[in-house]
Amino acid sequence: MWIALGVIAVLIVAGALWWKFRDPLRGEDFYKFHVERQWAWELLLTDEQERAFMAGLEAYDEDVTVYLNREAGVLRVYEPSMIVSLFLVAEQFAALGPGAVADPAGAVRHLLDRVTHAETGGVLHLDDGWMPEERVDGMDKYDFTGAMMSATHAQGVDGGVGGYGDEDGGYGLLTVLVELPQHVARMYDDAHSHTSPDEIRNRLDVYKAVVQEPEPEFVAGLESADAERSRFTNTLMYDYGRILAGYQSARPHMPHAQPSDVMAAVMARMLAENLPGMTWTRQPSPEQHQRALDLISTRG
Numbered sequence: 003m004w005i006a007l008g009v010i011a012v013l014i015v016a017g018a019l020w021w022k023f024r025d026p027l028r029g030e031d032f033y034k035f036h037v038e039r040q041w042a043w044e045l046l047l048t049d050e051q052e053r054a055f056m057a058g059l060e061a062y063d064e065d066v067t068v069y070l071n072r073e074a075g076v077l078r079v080y081e082p083s084m085i086v087s088l089f090l091v092a093e094q095f096a097a098l099g100p101g102a103v104a105d106p107a108g109a110v111r112h113l114l115d116r117v118t119h120a121e122t123g124g125v126l127h128l129d130d131g132w133m134p135e136e137r138v139d140g141m142d143k144y145d146f147t148g149a150m151m152s153a154t155h156a157q158g159v160d161g162g163v164g165g166y167g168d169e170d171g172g173y174g175l176l177t178v179l180v181e182l183p184q185h186v187a188r189m190y191d192d193a194h195s196h197t198s199p200d201e202i203r204n205r206l207d208v209y210k211a212v213v214q215e216p217e218p219e220f221v222a223g224l225e226s227a228d229a230e231r232s233r234f235t236n237t238l239m240y241d242y243g244r245i246l247a248g249y250q251s252a253r254p255h256m257p258h259a260q261p262s263d264v265m266a267a268v269m270a271r272m273l274a275e276n277l278p279g280m281t282w283t284r285q286p287s288p289e290q291h292q293r294a295l296d297l298i299s300t301r302g
């Protein structure tokens with residue numbers, strides 16, 4: 003009985019999240035460059051600056067495809083292949099002053115062209131051919147991504163509130179939160195108070211619960227809580243190619259370890275020693291740095 007109820011609860015939550023992230027009317031590009039003014043990096047800009055910044059990104063996207071991971075604060079650039087902190091680019095755009103607003107396309111192109119020449123804090127240059135062989139240590143690129151997700155979310159350690167892996171682009175993200183502020187917890191509680199699921203009596207009721215549209219107050223409240231939480235999170239960006247090189251060097255010394263444990267050892271060293279191949283969306287606090295290290299290096 004408990005297992006059945008657990009499955010039902012998971013289905014209901016999954017359905018709500020599916021509705022939150024779907025775009026039933028316009029397709030994924032419709033909202034790509036609209037102005038939200040809610041995530042922490044967006045608040046570095048004024049209303050006018052953000053509208054200009056999005057216009058500049060949209061113009062840049064016409065020649066060089068980009069993707070905004072708004073919640074994590076990461077911009078994916080496809081040619082040349084790299085990921086860039088949106089905190090970094092937004093801050094630099096604001097620093098350009100009225101000139102950036104007057105010529106947003108030129109300003110964004112100038113900023114992104116500049117980071118292609120040097121890998122600085124908040125910028126990772128990527129290699130789309132990061133896995134030169136079809137399999138490494140028995141893993142294809144999808145297996146490698148799965149192991150990376152395991153390597154960056156140690157059991158028994160709280161604080162990993164987001165993870166993402168791109169096996170084609172060859173990069174991953176780990177979003178950390180040291181402690182959820184009480185006012186943000188209350189925002190989540192308030193959002194969930196607007197959900198009123200019907201009684202679950204049979205399988206048909208489960209299907210109805212999954213596909214029904216959530217209450218608008220719930221969706222709006224959840225989005226507001228996520229945005230407010232972003233003020234207190236930080237995202238670690240890492241390059242698969244350089245982790246793979248470290249993995250191949252470390253593997254002979256850890257012949258019996260699980261692949262994820264070898265990756266964790268490599269990543270922990272890279273993070274602790276500030277080696278190339280890892281960077282943050284913004285300068286981490288000591289607590290954020292330690293939490294990421296705990297999530298990576300604490301193995302069960």
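FYI, in the working numbering the residues of the sequence shown are 3 to 302. All residues carry an ideal CB built from backbone N, CA and C; glycine is no exception. Computed from a prediction, not measured in an experiment: that's the story for all the values here.
Among the residues of its own chain, which have a CB less than 8 Å from the CB of residue i, if the five just before and after it don't count?
| i | result |
| --- | --- |
| R271 | G248, L277 |
| F220 | A18, A193, H194, H196, T197 |
| A107 | A57, G58, A61, Y62 |
| D296 | A156, V159, G161 |
Answer yes or no: do residue i and residue j have a C-beta to C-beta separation smaller than 7 Å?
| i | j | result |
| --- | --- | --- |
| V178 | A267 | no |
| S87 | L128 | no |
| F110 | G58 | The amino acid occupying residue 110 in the given sequence is Val; Phe does not appear at that position. Cβ distance < 7 Å, so V110 and G58 count as in contact. |
| G174 | Y240 | yes |
| E217 | M189 | no |
| R233 | A97 | no |
Applying the 10 Å Cβ sphere with the 16-neighbour rule, what's the burial state of residue i?
| i | result |
| --- | --- |
| Y144 | exposed |
| R284 | buried |
| S262 | buried |
| A120 | exposed |
| P286 | buried |
| D228 | buried |
| G99 | exposed |
| T300 | exposed |
| G172 | buried |
| A104 | exposed |
| E73 | buried |
| T48 | exposed |
Does DSSP put residue i in a helix, a strand or coil?
| i | result |
| --- | --- |
| R78 | strand |
| L277 | coil |
| L70 | strand |
| V86 | strand |
| D105 | coil |
| L238 | strand |
| G99 | coil |
Taking 7 Å as the threshold (beta carbon to beta carbon), is residue i in contact with chain D?
| i | result |
| --- | --- |
| R78 | In the displayed structure, chain D is absent; only one protein chain is listed. |
If you drop the 5 nearest sequence neighbours on each side, which residues of the same chain put their C-beta closer than 7 Å to that of residue i?
| i | result |
| --- | --- |
| V180 | G161, E289, Q290, R293 |
| G304 | Limits of the chain in this structure are 3 at one end and 302 at the other, which puts residue 304 out of reach. |
| V37 | E52, R53, M56 |
| E64 | none |
| L113 | V91, Q94, F95 |
| S226 | M189 |
Flag residue i as yes when its Cβ comes closer than 6 Å to any non-hydrogen atom of the ligand ZN, and as no otherwise.
| i | result |
| --- | --- |
| G58 | Within the structure as shown, the ligand ZN is missing, as the structure has no ligands at all. |
Between which residues of its own chain and residue i is the CB-CB distance below 6 Å, once the five residues before and five after are set aside?
| i | result |
| --- | --- |
| Y80 | T67 |
| T118 | P82 |
| M256 | V264 |
| F166 | Looking at the sequence itself, residue 166 is Tyr, so the reference to Phe does not match. Same-chain partners within the cutoff: L175. |
Q: Could you tell me which uninterrupted alpha helix (DSSP H) segments, each at least 4 residues in length, are contained entirely in the segment 111–195, listed from first to last along the chain?
A: 143–153, 184–194
Q.
Could you tell me which whole alpha helix (DSSP H) segments of length 4 or greater appear in the segment 243–296?
A. Scanning the segment 243–296 for uninterrupted alpha helix (DSSP H) segments of 4 residues or longer gives 261–274, listed from N- to C-terminal end.
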